[in-house]
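In my numbering, the protein residues as written are 1371 to 1709.
The beta carbon of each residue, even a glycine, is placed where N, CA and C say it ideally should be.
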Ligand code: ASP
């Protein structure tokens, strides 16, 4: 069998950082050189072409425009390569994995996003293992979706979350089983993975200037906050509202409910997601069903990260076939479970 060829995007992150007087920062050229050494000493390491972004970023600087660049680079190289690896900082890695999952439609090849908690320049680190695993998964014929390779696990990208800020196993998939793991050998469960699409691959861009916002309910959250945001010149076209428990909001706060109703009546798309680590926004309680009546779409068990990315994606598409609310209520890339 001919050797697989991968296209690799290196966007930045701790993984390739070095210590500077200001603290850890990415150093151009360092990770590509280390990766070559890793490739040489790792049997079966696939051939690859690496594109190092300039500037390399700490992923806390990531902007939606970066997603357009990544999706365009993958699209431009889609036909020529067998799989794709995106090397990324961990802080916003789950947002990028989610955004790419929506932007890359009908994927027939794996796109594996990885990073590390400890940089390659420190020993021991998790960086080398995460790279080796990501490069392995990116050669798997049975994977046709955007995944995250981290700490010997393979997660669906749009189900992944950075849940633990100080652990090597920083990422979890609280609402969906992990797709694969490495225990002596690489194993993944095809039954949990997205099937290969029969339709042609298509890359979408998003409107990086869309006004999207995320809000989190808390005791004291005031209706006037929603009104101020909605009356501003740059009123959001999409809002992810992180609600309590099973998707609940204070139904006794009529001012808040009517502010949310007005926001959706004026054309903002509001997506209801739970602020719990796992579980889903439902209409099981009166305090939850009132939000559906106020016009909010239930995001079911979508993560807040995937919800933000899905709003960017859905609100950037021409509304030819389905309205945004219908798209948001539908699982597009396995990002949420059926209601
Ligand atoms: N701040 C870093 C980043 O997201 C953290 C990391 O990569 O682990 O780029």
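Below 7 Å, is the gap between the Cβ of residue 1527 and the nearest heavy atom of ligand 1?
no
Using a threshold of 7 Å, is the CB atom of residue 1440 nearer than that to any non-hydrogen atom of ligand 1?
no
Quick one, are the C-beta atoms of residue 1665 and residue 1641 less than 8 Å apart?
no
Is the region 1509–1527 in contact with the region 1477–1496, if contact means three or more CB pairs nearer than 8 Å?
yes
By a C-beta neighbour count over all protein chains shown, 10 Å radius and 16 as the cutoff for buried, is residue 1534 buried or exposed?
exposed
Apart from the five residues just before and just after residue 1707, which ones in its own chain have a Cβ nearer than 8 Å to its Cβ?
1545, 1546, 1650, 1670, 1671, 1701
Is the beta carbon of residue 1496 within less than 7 Å of some heavy atom of ligand 1?
no
What do you reckon, are the CB atoms on residue 1527 and residue 1471 nearer than 8 Å?
yes
Per DSSP, the bridge partner or partners of residue 1380:
1422, 1457
Relative to the alpha-carbon of residue 1382, which residue among 1374, 1411, 1422 has its alpha-carbon at the smallest distance?
1422
Give me the pocket residues for ligand 1, defined as CB within less than 6 Å of any heavy atom, sorted by chain position.
1382, 1383, 1384, 1428, 1429, 1430, 1459, 1460, 1461, 1485, 1487
Can you tell me the Cα-Cα spacing of residue 1628 and residue 1694, whole angstroms?
22 Å
Going by beta-carbon coordinates alone, are residue 1563 and residue 1492 separated by less than 8 Å?
no
Quick check for students: name the residue ranges of the beta strand (DSSP E) that lie wholly in the region 1380–1414, counting only runs of 3 or more.
1387–1390, 1393–1396
Under the assumption that residue 1616 contacts residue 1652 (Cβ atoms under 8 Å), give the Cβ distance between them as a whole number of angstroms.
5 Å
Of the listed residues 1569, 1608, 1662, nearest to residue 1578 (C-alpha basis):
1608
Just verifying my parser: in three-state terms, what is the DSSP assignment at residue 1689?
coil
Cα separation between residue 1548 and residue 1524?
6 Å
Residues bridged to residue 1551 (per DSSP)
1523, 1557
Can you check which of these residues, 1490, 1477, 1692, is closest to residue 1704 by C-alpha distance?
1477
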